[in-house]
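Numbering (the numbering used here) for the sequence shown: 1304 to 1590. Shown next, in structure tokens, is the structure this report addresses.
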Amino acid sequence: MAARAKSLEVLGQGCHPLNAVAETLAVMENDPTFDAGHGSFLNENGEVELDAAIMEGATLRTGSVCCLSSFENPGRIALAVLRKTEHVLLAGKGAEIFALKQGFRKVDSRSLIHPREILAFEAWVAAGKPDAKIFFAKPENNSLAGATPEKRGTVGVTIGVLNNSGKYNLFAGTSTGGTPGKMAGRVGDVPLVGCGFYADNEGAAVSCTGWGEGLARIVAAKSVSDLCRAGQHPQQAIEAVLRDMYRRTGGRGGLIAVDFLGRTGAGYSTPEMAFSGETALPTSVLI
Ligand code: ASP
């Protein structure tokens, strides 16, 4: 709710919708409830590594960062990549140097670690370091279900703004700490264009959560956008992609979207997905 209120507040101030996306991501990155910024999952070394991305549907301009350990709000840095560079993705050390040049403040990476995640990391080690895919599985297939404290996943925003010519301008953003116990240097779907996010004024704005390797292999966000572009309702498109992802990779996820007609959709094949929006609650895609 606080995140959606931030979107409306920033849009109400007349700011660019890309700022609304970045500031909405920041609200969730600053809330340790989620796997983004503060409170992110820890990698195999017990460290935080953050990925984030932002995209504008009118121009297909996009900006991403990955493998950042010492910044609280990677979504804002992704927006700076979009606005200030000719590139789509900056990684690790180069992203950090860029962020510092842009005036972003570096923090002690340990300040991003929540005590809950240390317990979760220890439980993951004690369970024999299972593959991250199980964290998105149904509780009966997740040997760690109940063993680790409850928390919510990756965060995402999609915005459609009706312009003076009666068309929707679309914007999307996603931010994450990745998956529990991921290899150091692992990059998932989130900062990859078309995988964890996409925005196309001729298709849809889409943001994804879930098992990143599956979302990337199925190019989830662009797949939803392309189905909308071909005439499908975003709800149908999301459900089709989630089913396809499960059938082809065995992975589960959750997606939100708004299309070029302003129609919205939200669905998940994971056990749950936190959501706040202008529309109906997300549908559980039963697989
Ligand atoms: N998709 C994210 C990743 O694989 C994780 C998540 O959504 O919780 O990095």
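The C-beta atom is built at its ideal place from N, Cα and C for all residues, glycine as well. Fair warning: this is a prediction, and the values are worked out from it, not measured in the lab.
When you measure from the CB of residue i to every non-hydrogen atom of the ligand ASP, does any distance come out below 7 Å?
i     : result
L1518 : yes
V1368 : no
G1570 : no
D1338 : yes
W1427 : no
T1512 : yes
D1434 : no
V1561 : no
G1349 : no
G1378 : no
G1469 : no
D1334 : no
G1395 : no
T1552 : no
G1342 : no
V1324 : no
G1497 : no
T1479 : yes
T1461 : no
Ignore the nearest five residues each way along the sequence and tell me which others in residue i's own chain have a CB closer than 6 Å to its CB.
i     : result
R1520 : T1552
S1528 : Y1501, D1503, G1506, A1507, V1509
T1586 : G1570
G1349 : F1424
G1395 : C1370
S1579 : M1304, R1307
S1310 : A1323, T1327
G1557 : T1512, G1513, Y1571, T1573, M1576
Which residues in the same chain have their Cβ closer than 8 Å to the Cβ of residue i, if we skip the five residues on either side of it in sequence?
i     : result
K1436 : W1514, E1516, G1517, G1553, G1554
V1391 : T1365, G1366, S1367, V1384, V1496
R1455 : T1336, F1337, D1338, A1577
Q1405 : I1380, A1383, K1387
Who are the near neighbours of residue i in its chain, counting only those whose CB is closer than 7 Å to its CB and skipping five residues on each side?
i     : result
A1543 : L1530
K1485 : N1346, E1347, A1435
L1403 : K1409
H1536 : R1566, G1568
Nearest-angstrom Cα distance between residue i and residue j?
i     : j     : result
P1442 : E1389 : 44 Å
R1413 : V1384 : 25 Å
E1399 : L1371 : 7 Å
T1567 : E1312 : 20 Å
G1342 : L1363 : 31 Å
S1526 : T1461 : 16 Å
S1373 : P1320 : 26 Å
K1470 : D1562 : 11 Å
N1261 : P1418 : What is shown of the chain runs 1304 to 1590, which leaves residue 1261 out entirely.
A1549 : L1393 : According to the sequence as given, residue 1549 is Tyr; it is not Ala. Taking the straight line joining both Cα atoms gives about 30 Å.
V1493 : E1581 : 23 Å
P1483 : D1547 : 24 Å
A1429 : A1356 : 33 Å
Could you name each continuous alpha helix (DSSP H) segment of 4 residues or more that falls completely within the stretch 1336 to 1408, going from the start of the chain to the end?
You should have 1377 to 1387, 1395 to 1404.
Return the chain-ordered ranges of every alpha helix (DSSP H) run that is complete within the stretch 1508 to 1578 and spans a minimum of 4 residues.
Every unbroken stretch of the alpha helix (DSSP H) spanning 4 or more residues and falling wholly within the stretch 1508 to 1578 is given here in chain order: 1515 to 1521, 1523 to 1532, 1537 to 1552.
Whole beta strand (DSSP E) runs in the stretch 1460 to 1494 with 3 or more residues, listed along the chain?
List check, beta strand (DSSP E) in window: 1471 to 1479.
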